[in-house]
Each structure stands twice: as structure tokens, then as C-alpha cells.
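Trainee: In my numbering, the protein residues as written are 69 to 547. Let me give you the structure first, and then I'll get to my questions.
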């Protein structure tokens, strides 16, 4: 075991300060809109020219072990700032250096370190409150372009980033990759994509393109490695009663479990697709949580107290379509907001109360945020609905209409009048309404409130009922 060097007092503080100063001086070069570049020598490959404080900090290793300790302390502060905020690493480094320098000067002069710490914490609270007052939220495309241009040091890149943010919304994901060509390109994808493909070529449905496609699947999400089909049997026995399309996203799936899914797919018992979960460690957990939020699923994780054999159909998410090749999986988003599911969540009284209506609309506000982000861009002008609630709306608004017509306009004034009646009605009163479907008596109130919510939320001008399925739902027309 190598001998340890130990230093104390002023000598230790001086060494730490020297290391902090050396790192801070290099990083501070990149500070602000007028910051300069830093050239980094690599042990392998060509030198790298960067304008990023945290990248510079990560490359610094000092020969003196004690000085290097000081440098690493500030580097940790820069990395934490980068992980939390995504920017501001150079500012964090410069502030850390100034705080340590002044702190050590006062300690050397006899100040109490604990009192200094208390003063710094109080000062932090005051500064944060003041920044809260001074901050300005940016919202326009032009403001986003200005910020991005400063960060990228390039107006063209800044404009492209702002355009991208306008398309995907504040909760969208933006990925920057090195181009194989000479031009900058923007590729926009609805839904979600991650870089893990199917677990077996037996899942392929299109041999020409070597892709597996599955329509309107249920989605099981788990961070567990699946090797035994016994873990899935309790859920599968109930699942086949409601659907035949299943996607499993797991840490890994192999052996008996994978073989059983393949055999059942080939026999036509149910249509399955198995893929490995993306990412590693904490990143994987975060990505699985994102996928669960997007699809309406619950993550089955032993860390959360759930074993795989406890999974239920209610834990599964939904999507309109999933496409996977050997390298990646991609799907379009659907929203699990059917009135049957909503009735279970809201449990409305009879008649429904104002508080329950507010709770329902608050739930829709949160659940449909990705849709509203897109609506800001494309601005739909009319709404088309089919099946379920919309068929009943047509029959209640136009009880004498010609049922052979493929589509019919539902005047907004007539719809709002009917909506008011439905909201105030009891189950018994709805059952006696002319042409009210007995199957829709308990669900029409929530269905009508949902339609009213969408109309008012996005300022729909025209409302139609279609006799064609549209996959049993609603379509917003973007003109």
C-alpha cells in the first residue's frame, strides 16, 4: 500500500486554492457572449477546440495531488450545474472560485468557518429571491433564437434550434447528432423513438423492410429481466380477454419467456413484440418513466415494490402504432382517456357535481399537454368524432336524421344545449331520453364534457359525426 501524504492548515488550504485557481482560470476563458475558445490536447486523436466550460473542466488533471483535489471540487460543482440546468457551468466555476478565495482569506484572518457557512446560506436565499423577481420567462420564437444563438455562437444554429423548440414544445426531446453531409438538417418525429430494436427476428411483420409493426398495442414496461414465462402468465391470461396486441419493454427478455412469445405469435394466439429497455442505470429508469408517462402505463419495478407476476392489464399503456427494427423502436402517441377509464378515475355522482367536473378537466389539462403543444403549431379548425359518445350525440341532436348519411354536422349551439341537459340529468332521466343508447346512459355525461372541453380549449369552429371508425375516437382537422 502506497504511503499517504498529509498536510494541514494554511498549507492544505493554499494547495486547494491553487488547484481551484488553475481550473477556474482556464474555464473562465469561455465566460459570457464574448467568451473565447479553449484548445484541448487529447492523449489520442486530434486536438479539440471547445467553447464549453464543463468540457474544459473535465479535461483538467493537475500533477500535484493536493492541487488536483481543489480542481476536482470545483469540477464537481460545474458538472452538477450542467446536469441540473444544462448550462451555466462557467458561471458556477467562477462563483465557486470567488467564494472559496474570500472564504479562505477570512478563515486565515481568524473567522469562524461555521459562521461563514451560515452567512453564505442566508446570502444564497436572498440572491435567489431577488433573481426570482428579476427573471423574465421567454416565450416567443425570436427570444428562443436569441438565447440559442448566444449559446451556439452561431445565428443559423440558434434559429434552427428555436424552430425545433417551436415544433416539439417545451416538453419535447431535442437530439443533436453529427451530420454525414455538409448541411444542417431538421428531422421532426411525432411520438417517441429510442435506440433498442426487437429481441428476435421472429417478431418481424414486414420482411422486405425487416421491421415489426403492431397496431393499437397494449404496452408492458418493466426494468426486470424476463426469463420465465411463469412471471407473465397471470397478466397474459387476463390480457388475451381484451386484446391480442402486446408490446413488452424489459431490461432483457430471453430463454423460455422469449420462446413462448415467439411461438404464440407464430400460432396466432396473440401478436407480441419484445424489445430491450433503452439506456443504462439511472438513465434507464428515467427513460422508462418517460415512456410510461407517454403511454399511460405503470412501470413494474421491484424497487417500487412490484414484482412482474403482480402486473395487471390496468398497468399496461397504449399507443396507436409501434414500429421496431433491429436497432430502434418508434411509436405514435395515443391518450388513454376513454370514458370507461375516466368513470373509474372520477367516480362521478348522479348527477355529476361542479367539483367533479373541475377535477375531470384538470385531469385532462395534465394528460393532454403534448396534444396542446402541437395544437399551438397546427391550429385545428374543426373536430370529427365517431362511435361511442359521438354516435349517441348525433342521435340525441338529430333524432329524425337519415342514418345512411356517412357524416353529419352537429351545430355547436345544439351541442352546448344538449351538454347542459346531460350535465344536470340523472341516470334515470337519461335512460328516458329519446334514442339514448342504454349502453351509453352511464357514460354520456363524461363523453359530452370531454367534447365540450376540447371545443372550448382549442376554439373549435365546426363539429361533425362520422359513420366511419377513425379507430374509434376523435380527429382534429388542421387546415
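By construction, the Cβ of each residue, glycine as well, lies at the ideal position given by its N, Cα and C atoms.
So residue 292 and residue 384 are in contact, right, with Cβ under 8 Å, and what is the actual spacing, rounded?
Mentor: Not confirmed; about 15 Å, so no contact.
Trainee: Helix, strand or coil for residue 386, going by three-state DSSP, please let me know.
Mentor: Residue 386: strand per DSSP, three-state reduction.
Trainee: Could you give the DSSP three-state label for residue 507: helix, strand or coil?
Mentor: Looking at residue 507 - three-state DSSP - the assignment turns out to be helix.
Trainee: So residue 449 is in the beta strand (DSSP E); what residue range does that whole segment cover?
Mentor: Segment 448-454, the beta strand (DSSP E) holding residue 449.
Trainee: Let's see if you can read the secondary structure: which residues bound the beta strand (DSSP E) around residue 76?
Mentor: Neither: residue 76 is in no beta strand (DSSP E) and is coded neither H nor E.
Trainee: Let me know the secondary structure DSSP gives residue 290 once reduced to three states.
Mentor: The answer is strand: DSSP assigns residue 290 an E or B state.
Trainee: What do you reckon, are the CB atoms on residue 486 and residue 514 nearer than 9 Å?
Mentor: The answer is no: Cβ separation not under 9 Å.
Trainee: Of all Cβ atoms in chain D, is any one closer than 9 Å to the Cβ of residue 266?
Mentor: Among the protein chains of the structure shown there is no chain D, as only one such chain exists.
Trainee: CB residue 424 to CB residue 414, shorter than 9 Å?
Mentor: For residue 424 and residue 414, yes; Cβs fall inside 9 Å.
Trainee: Does the beta-carbon of residue 136 have 16 or more other beta-carbons within 10 angstroms, so that it is buried, or is it exposed?
Mentor: Counting Cβ neighbours within 10 Å, residue 136 comes out buried, since at least 16 surround it.
Trainee: Sort out for me which residues DSSP pairs residue 106 with in a bridge.
Mentor: In DSSP, residue 106 forms a bridge with 118.
Trainee: With a threshold of 8 Å, are at least 3 pairs of Cβ atoms found where one atom belongs to the stretch 174-192 and the other to the stretch 101-117?
Mentor: Short answer: they don't touch.
Trainee: Out of 97, 334, 479 and 419, which one is the CA nearest neighbour of residue 494?
Mentor: Answer by Cα proximity: 419.
Trainee: According to the Cβ coordinates, are residue 345 and residue 318 closer than 9 Å?
Mentor: Their beta carbons are under 9 Å apart, which means residue 345 touches residue 318 by this criterion.
Trainee: How about residue 121 and residue 99: are their beta carbons less than 9 Å apart?
Mentor: Contact: yes.
Trainee: How is residue 332 classed by DSSP in three states: helix, strand or coil?
Mentor: Three-state DSSP puts residue 332 in a helix.
Trainee: For residue 198, count neighbouring C-beta atoms within 10 Å of its own C-beta (all shown protein chains included) and say buried if the count is 16 or more, exposed if not.
Mentor: Exposed, by the Cβ-count rule.
Trainee: Can you give the Cα-Cα distance for residue 391 and residue 286, rounded to whole angstroms?
Mentor: Approximately 14 Å, taken between the alpha carbons.
Trainee: Is it buried or exposed, residue 278, if we count other Cβ atoms within 10 angstroms and call 16 or more buried?
Mentor: Exposed.
Trainee: Pick out whichever of 271, 229 and 276 has its Cα sitting closest to the Cα of residue 253.
Mentor: Selected option, being the one with the closest Cα: 229.
Trainee: Between residue 196 and residue 508, what straight-line distance do the alpha-carbon atoms span, to the nearest angstrom?
Mentor: Roughly 54 Å between the two C-alpha positions.
Trainee: Given that a residue counts as buried once 16 or more other Cβ atoms are within 10 Å of its Cβ, and exposed if not, what is residue 307?
Mentor: Its Cβ being crowded by 16 or more others within 10 Å, residue 307 is buried.
Trainee: Looking at C-alpha atoms only, which residue of 186, 529, 417 and 294 is the closest neighbour of residue 510?
Mentor: Nearest of 186, 529, 417 and 294 to residue 510, Cα basis: 417.
Trainee: Identify which residue in 435, 304, 290 and 522 has its Cα closest to the Cα of residue 372.
Mentor: With distances taken between Cα atoms, residue 372 lies closest to 290.
Trainee: Can you give me the C-alpha to C-alpha distance between residue 522 and residue 95, rounded to a whole angstrom?
Mentor: If you take the alpha carbons of residue 522 and residue 95, they lie about 51 Å apart.
Trainee: Is DSSP giving residue 320 helix, strand or coil here?
Mentor: Three-state DSSP puts residue 320 in a strand.
Trainee: Between the C-alpha atoms of residue 456 and residue 347, what's the straight-line distance to the nearest angstrom?
Mentor: Looking at the two C-alpha atoms, the distance is approximately 40 Å.
Trainee: Nearest to residue 159 by alpha carbon, out of 186, 184 and 125?
Mentor: Of 186, 184 and 125, the residue nearest in Cα terms is 125.
Trainee: Hey, residue 217 and residue 209 are a contact pair by Cβ (cut 8 Å); roughly how many whole angstroms apart?
Mentor: No, residue 217 and residue 209 are not in contact; Cβ-Cβ is about 12 Å, not under 8 Å.
Trainee: Taking the alpha-carbon positions, what's the residue 364 to residue 234 distance?
Mentor: Cα-Cα distance, rounded: 25 Å.
Trainee: For the beta strand (DSSP E) that residue 282 lies in, which residues bound it at each end?
Mentor: Element bounds for residue 282: 280-283.
Trainee: So for residue 530, helix, strand or coil by DSSP?
Mentor: If DSSP states are grouped into helix, strand and coil, residue 530 belongs with the strands.
Trainee: What separation, rounded to the nearest whole angstrom, lies between the Cα atoms of residue 281 and residue 132?
Mentor: Going from the Cα of residue 281 to the Cα of residue 132 covers about 58 Å.
Trainee: Is the distance from the Cβ of residue 231 to the Cβ of residue 267 below 9 Å?
Mentor: Not in contact: residue 231 and residue 267 (Cβ atoms no closer than 9 Å).
Trainee: DSSP state of residue 477, grouped into three classes?
Mentor: Residue 477: strand per DSSP, three-state reduction.
Trainee: Rounded to the nearest angstrom, what separates residue 152 and residue 357 at their Cα positions?
Mentor: Rounded to the nearest angstrom, the two C-alpha atoms are 18 Å apart.
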